[in-house]
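Top to bottom, those sequences are chains H and Z. With the numbering used here, letter number 109 in the first sequence gets 109, and the count goes up by one each step, no holes. Heads up: take any position in the second sequence, counting from 1, add 1000, and you land on the numbering used here. Backbone N, C-alpha and C fix where the C-beta goes; we use that ideal spot for every residue, glycine too. In this text, all values refer to a predicted model and were calculated from it rather than measured experimentally.
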Amino acid sequence: MTKWTRRDVMISAGVAAPALLASRGARSAAANFPTKNIQFVIPYAPGGGFDIYVRVVTPVMEKYLPNKVSIVPLNVASGAGSRGVTQLYRARPDGYTIGILNIPGMFILQQQQGSGAYDLNKFTWIGAMGEGEQYFINVGTMSPIKTFADLKALSAKRPIKFSVTGPEGTAYMATKIGASLLGLKSQLITGYKGSADYVIAAVRGDSDAVVAAVPTTMRFRRGGQLRPLISFEAHSSIPGLPDATSVGQPELENVRVERLVAGPPGVPADIVNIVSTALAKALVDPVVVKWAKENDVVMKPRTPQETVATVTTQKAFFEKWKATAS
Amino acid sequence: MLEMWLSGFQGLLHVDVFLLVVLGMVIGLVFGAIPGLGGSTAIALLIPLTYGMEPFTALALAGGVMGSVPMGGSITSILLNTPGTAPNAATCLDGHPLAQQGKAGLAIGAAGSANAIGAIIGTISVLAVLPLANDIVLLFGPPEFFLMSVFALIVVATATRGKMLRGLVTGAFGLMVAYIGYNDIAGGERFTYGIEYLWDGIHLVPALIGLFAVAEMINLTVKGGTVAKSATAVKITSMTSGLFETFRHLGTVLRGSLIGTTVGAIPGLGGTVVAFLSYSVTVQASKNPESFGKGNIQGVIAPEAAICAHDCSALIPTLTFGIPAGAEMAVFLGLLIIHGMQPGPLMLRDHQVEIYGLIWALTASCVFASFVGLAFVRVLAKITLVDSSILVPLVLSTAFAGSYAIDMSIENVVVTGVFGVLGYLMMRYDYPRLMIIVALVLGGNIERNLHQSMLMGEGGWSIFTTRTISIVLMLAIVAVLALPFVRALIKQLRVRPVSVGE
């Protein structure tokens, strides 16, 4: 009580020390967070996978913040995503700017574009939009290749043609590493624009096979267009298929795309905690769970520490395989 | 199927859904008219509003927006030479000269009615073709996309009659610009000179805003006065004259709609190419091609009919495979997924009522928007009588702000400025602008699909000769190239007997 009086007196006397005011500001910011809208940077265009996750999860996340504010998605797609990442990195570390980052997409981007204006190790990692997506190798249902053994047999005769994005895409890396781990000779038909495009290429017969993430695989499998041959998961979510464990290649499990949520370097721990908790609660909210189920996505929350561990593991995996993947 | 079709229509008859379609239409008109905004921005902004809605209602709203965007875009194309959206750039070519002659009302009326008829034809075709959608989309692979892109480029190039060399120069320039940015095939970036913005290449819409809107405003400033040269012509504009013009050129409407529908159903080319393709084919088919570019009403009707028909049939690849035909459809895909509808082969089975509702909403919005356009023809046409000292600052600030708003980058504004000066110089020295746009859109397509075809065929060219559709497309290309010579020959043969007789 005395403290307040003294401070009030100081202010009214016009001799308030700016430092003191600032420290009060910082304390109350953490205690009352959030007092204004939070900006959610998406370094990709509207309508893409990352954008959709954010737009599904953030309205629910708002419910679990201590104060009633909005989370406003902001697409900053320029420069293949690097503009958005840089904007997030340079934002004020007050929790009012957060964003979604693609791992290993960001490693690939940095490798291709040089060190850039940001250090991925320094971001404040907050959580993840669900489990990392793993992959399947698939063929079109009209393909003469029926099993993984058929694929291996073909690979002994000639390189398998895989349809995929350009070399900056995560699917390119997944295809390269996956084929290499499974001992498949591969030739990539590059340049397809996004997952639906390269999957259709395989269905149409442009390529022999396609490496596609679990949700994409499931969608086209249900539609009767794709036949999955092998899963990169430890235990295949489609029964009866070979997987990372059964072929003795546990490293396949690390081939994945992570949708991680981060803030700029130096966001105070208590603010990280508030945002991270709201995100975690949103992921188990019935609205999000229902959506995830419809879209074959697993929405498991992750703590900031677990998220940092994911980045570390993925970085090590990327460093090990980057020569193969590029 | 017919039952679903009707229940989709019935769904729209609920007052709240119907009002949302109308709301969507108004938003689409406004966003379509403002350069740089367009349907993708409108839908992206509306997504949060749809969270609490039933999927059917959300799709009806989106359909309302998508249906009216072309009409909004055509209004500014005609009045101010400022394409509201990229496909409307084709409408500028003859629409604006008409406005300069004081016939803006006529052009807007014709654009509106062509839009509406195009949408209706597009819808009927989509409903007929939808059950076969899977097979159609799978027929076209990289070799076919490559040949289709080359075909489109050649058709447009041959439409620049009499200015062939100039057309080639601007086309080549467009292709050069198209290769700036990421190399989709081999990776890495090209011609970016360390500028981060250029990694994604030169963005089409800022370039278009420059080439048309800014160029026109520079032109207007230099000349002074108003857009329309004759105030009396503007004043006699009647609501129905444009409508009658469209019905007088039903052949052009049908051809445009057919081109729009066919190309829309095959993913890859997109609305801008469709509009220019329809325009160019109409020029080719015309008895006096010289009149185009100077205010031929068919130059307005052809692209506008094609754009709306294309928008309807572009739903086919978007819904059945999740392959978006342009930025607007990409955002629309996001909307679908957020509402728990996965685009793909099952979409047609599981969400038929929603799909038919969407198609009805899109068509209804297209038709309503045309009525709105027709109703306001006289008021809108008066814009062409506003003095340049008022008009130019207004349009320029909207154009630059719109360009910036696309993805909040100031570099867009620079691109708009540079292309504005370029566009003015091209106008001044009579270089055709349509080639530069088509090359800009198709450059990447051509390169990517050629590479993919080569990879598919393991380096051999036989991939083009062993596929039926490829062969048909190659024959079509040969036919288009031969057409001018054949025509000249026929003309000569007709003339000769007369000269002999003399």
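Asked	Found
Return the residues of the stretch 1440–1461 of chain Z that lie within a Cβ-Cβ distance of less than 7 Å from chain H, sorted by chain order.	1448, 1451, 1452, 1455, 1456
What three-state label does DSSP hand residue 39 (chain H) in the structure shown?	strand
What does DSSP give as the partner residue(s) for residue 133 (chain H) in the beta ladder?	H:257
Please check if any C-beta of chain H sits within less than 8 Å of the C-beta of residue 1338 (chain Z).	yes
Report the partner residues of residue 213 (chain H) according to the DSSP bridge assignment.	H:135
Between the alpha carbons of residue 1324 (chain Z) and residue 1270 (chain Z), how many angstroms are there, rounded?	9 Å
I'd like to know if the stretch 1023–1030 of chain Z and the stretch 302–317 of chain H are in contact, where contact means that at least 3 CB-CB pairs between them fall below 8 Å.	no
What is the DSSP secondary structure of residue 182 (chain H), counted as helix, strand or coil?	coil
Measure how close the beta-carbons of residue 1241 (chain Z) and residue 1109 (chain Z) come, nearest whole angstrom, since I'm counting them as under 8 Å.	6 Å
Helix, strand or coil for residue 67 (chain H), going by three-state DSSP, please let me know.	coil
Might you give, ordered along the chain, the residues of its own chain that have their beta carbon closer than 7 Å to the beta carbon of residue 61 (chain H), omitting 5 neighbours on each side?	71, 278, 279, 282
As a quick exercise: from H:259, H:177, H:144, pick the residue whose alpha carbon is nearest that of residue 129 (chain H).	H:259
So which residues on chain Z does residue 119 (chain H) lean against when the C-beta distance must stay under 7 Å?	What residue 119 (chain H) touches in chain Z: nothing, since even the nearest Cβ is about 17 Å away.
Just the chain Z side, please: which residues come within less than 7 Å of residue 196 (chain H) by C-beta, in chain order?	1321, 1322, 1323
Against chain Z, does residue 214 (chain H) count as a neighbour if the rule is that its beta carbon must be under 8 Å from one of theirs?	no
Give the straight-line distance between the Cα atoms of residue 1509 (chain Z) and residue 1090 (chain Z), rounded to the nearest whole angstrom.	The requested residue 1509 (chain Z) is not part of the displayed model; chain Z covers only 1001 to 1502.
Helix, strand or coil: how does DSSP classify residue 75 (chain H) here?	strand
Whole angstroms are fine: how far does the CA of residue 314 (chain H) sit from the CA of residue 80 (chain H)?	21 Å
When we look at the beta-carbon of residue 32 (chain H) and count the other beta-carbons within 10 Å, is it buried (16 or more) or exposed?	exposed
For the stretch 1252–1259 of chain Z and the stretch 1115–1131 of chain Z, state whether three or more C-beta atom pairs, one from each stretch, are separated by less than 8 Å.	yes
Do residue 1249 (chain Z) and residue 1298 (chain Z) come within 8 Å of each other at the CB atom, strictly closer than that value?	yes
What number of angstroms, rounded off, separates the C-alpha of residue 1208 (chain Z) from the C-alpha of residue 1214 (chain Z)?	9 Å
In terms of alpha-carbon separation, which member of Z:1442, Z:1159, Z:1082, Z:1037 lies closest to residue 1281 (chain Z)?	Z:1159
Cβ closer than 9 Å: which chain H residues qualify as neighbours of residue 1432 (chain Z)?	Under the 9 Å cutoff, chain H gives no residues; its nearest Cβ is about 29 Å from residue 1432 (chain Z).
In the DSSP assignment, what residue or residues form a beta bridge with residue 227 (chain H)?	H:139
If you measure between the beta carbons of residue 1067 (chain Z) and residue 1258 (chain Z), is that distance less than 8 Å?	no
Just the C-alpha distance for residue 1014 (chain Z) and residue 78 (chain H), rounded to the nearest angstrom, thanks.	41 Å
So, is the C-beta of residue 1044 (chain Z) closer than 8 Å to a C-beta in chain H?	yes
Kindly indicate the opening and closing residues of the beta strand (DSSP E) around residue 99 (chain H).	97–103
Kindly say whether residue 34 (chain H), judged by its beta-carbon, lies nearer than 8 Å to any beta-carbon of chain Z.	no
Using a C-beta cutoff of 8 Å, does residue 321 (chain H) count as contacting chain Z?	no
Does residue 1462 (chain Z) come out as helix, strand or coil in the three-state DSSP assignment?	helix
In whole angstroms, give me the CA-to-CA distance for residue 112 (chain H) and residue 52 (chain H).	26 Å
What are the complete alpha helix (DSSP H) segments, minimum 4 residues, inside the stretch 1175–1254 of chain Z?	1204–1209, 1215–1223, 1231–1235, 1241–1248
Mind listing, in chain order, the continuous alpha helix (DSSP H) runs of no fewer than 4 residues lying wholly within the stretch 1277–1333 of chain Z?	1298–1313, 1315–1321
Hey, would you say the C-beta of residue 150 (chain H) is under 7 Å away from at least one heavy atom of the ligand MN?	The ligand MN is not part of this structure, which contains no ligands at all.
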